[in-house]
Amino acid sequence: MASLKKIKIKLKWKYFRLSAKAKKVTLPGFDGVPLYDVSVFFINGLYKGSISLRASAVAYSFFLALFPAIIFLFTLIPYIPIKNFQTELLHMISGIMPHNAYSTIQTTIEDIVMHKRGGLLSFGFFASLIFSTNGIAAMISAFNVTVNSFENRNWFSIRFISLILVLILTLLTTVAISLITFSQSFLNHLVSIGILHDNITYYLIYFGQFLIIIVAYFLAISFLYYLAPAKKTKWRFISAGSTLSTVLSIIISFIFSFYINHFGRYNTLYGSIGTIIVILLMLYINAFVLLIGFELNTGIKNAQLKKIKPFFHKKLKK
């Protein structure tokens with residue numbers, strides 16, 4: 009018993025020392041707010057915010073909105089006059105998704121991407137555009153029910169912002185693929201005139217593609233955090249939350265894809281349904297990561313407001 013008490017005392021002492029240091033430390037993107045204050049609100053948001061339940065709801069909405077979004081995006085793609093655009097998009101999708109999941113839907117995606125569909129301005133096209141906003145709308149609702157939230161949006165405002173974000177994400181995807189295609193052509197030209205060698209070009213192309221995808225993903229998350237939540241105060245476009253979400257998404261996606269490709273046996277156990285399970289898991293993980301990044305941003309904002317509130321409370325008591 010005596011030794012157990014000593015251990016508890018040591019742990020408490022270490023906790024107080026660590027807390028004291030954290031109150032003096034601030035990180036880039038925290039707007040000068042101490043790490044300790046941000047951590048209190050951040051952990052509170054994760055613990056009391058039902059983040060797992062919200063991520064599940066968002067993943068389900070993303071799944072329902074996935075195919076309308078694919079139809080909307082891929083209906084536009086064959087009309088984009090950029091050489092090898094469709095091929096590069098397919099290559100990027102196959103690189104993001106686990107191989108087992110992508111191979112199941114490869115034929116359908118290739119058919120949509122490679123062939124022009126009539127009725128670009130038809131009702132079906134606009135319907136797919138509207139339905140593709142469901143996932144973004146679910147994410148906005150998940151943002152606004154956090155314990156650290158400041159205000160809510162009405163239904164029309166959510167739908168309008170969702171539509172804007174879908175268009176922004178489509179534009180980001182187009183620009184990213186265009187940059188990848190242009191960079192490959194440019195590097196191949198440098199090889200043809202003898203400035204670069206083939207072995208160097210391979211690594212430059214691979215690194216360039218990886219960098220462009222990361223930047224596009226980071227910008228997409230930044231737009232989502234900047235436009236989606238209802239807010240009374242000005243939010244940073246490039247925030248600590250978007251940085252954290254991007255890093256976590258990259259790490260977790262690599263681990264998840266590696267596990268599915270080498271150890272997962274979903275197709276063996278469940279057949280074609282295994283692909284749906286993998287896609288839902290991917291959507292759930294990414295929704296979870298996005299909510300974590302958002303909770304960090306709201307934790308920073310609440311930690312800033314925390315310094316002001318005690319002053320007003322004292323005034324009111326007097």
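9 is the number of the first residue of the sequence shown in the numbering used here; add one for each residue after it. Glycine residues also receive a C-beta, built at the ideal position from the N, C-alpha and C atoms. Computed from a predicted structure; not experimentally measured.
Lys309 counts as buried, since no fewer than 16 other beta carbons sit within 10 angstroms of its beta carbon. Secondary structure of Gly202 (DSSP, three-state): coil. The three-state secondary structure of Phe151, taken from DSSP, is helix. The criterion of a C-beta distance shorter than 8 Å is not satisfied by Ala146 and Leu291.
Secondary structure at Ile208: helix, using DSSP grouped into helix, strand and coil. The C-alpha of Ser261 lies about 10 Å from the C-alpha of Thr254. A distance below 7 Å between beta-carbons, with the five flanking residues on each side excluded, links Leu299 to the following residues of its chain, in chain order: Ile59, Arg62, Ala63 and Ala150. By the neighbour-count criterion, in which 16 or more other beta carbons inside 10 Å mark a residue as buried, Ser193 falls on the exposed side. Excluding its 5 nearest sequence neighbours in each direction, Phe226 has C-beta neighbours in its own chain below 7 Å: Ser250 and Thr254, listed in chain order.
Excluding its 5 nearest sequence neighbours in each direction, Ile213 has C-beta neighbours in its own chain below 8 Å: Ser191, Gln192 and Leu195, listed in chain order. In terms of Cβ geometry, Asn142 and Ser230 do not form a close pair [threshold 8 Å]. If you check the CB distance, Asn305 and Ala248 come in under 8 Å. Contact check for Leu313 against Phe71 fails: the beta carbons are separated by 8 Å or more. In this structure, Ile172 lies near Leu235, with their beta-carbon atoms less than 8 Å apart.
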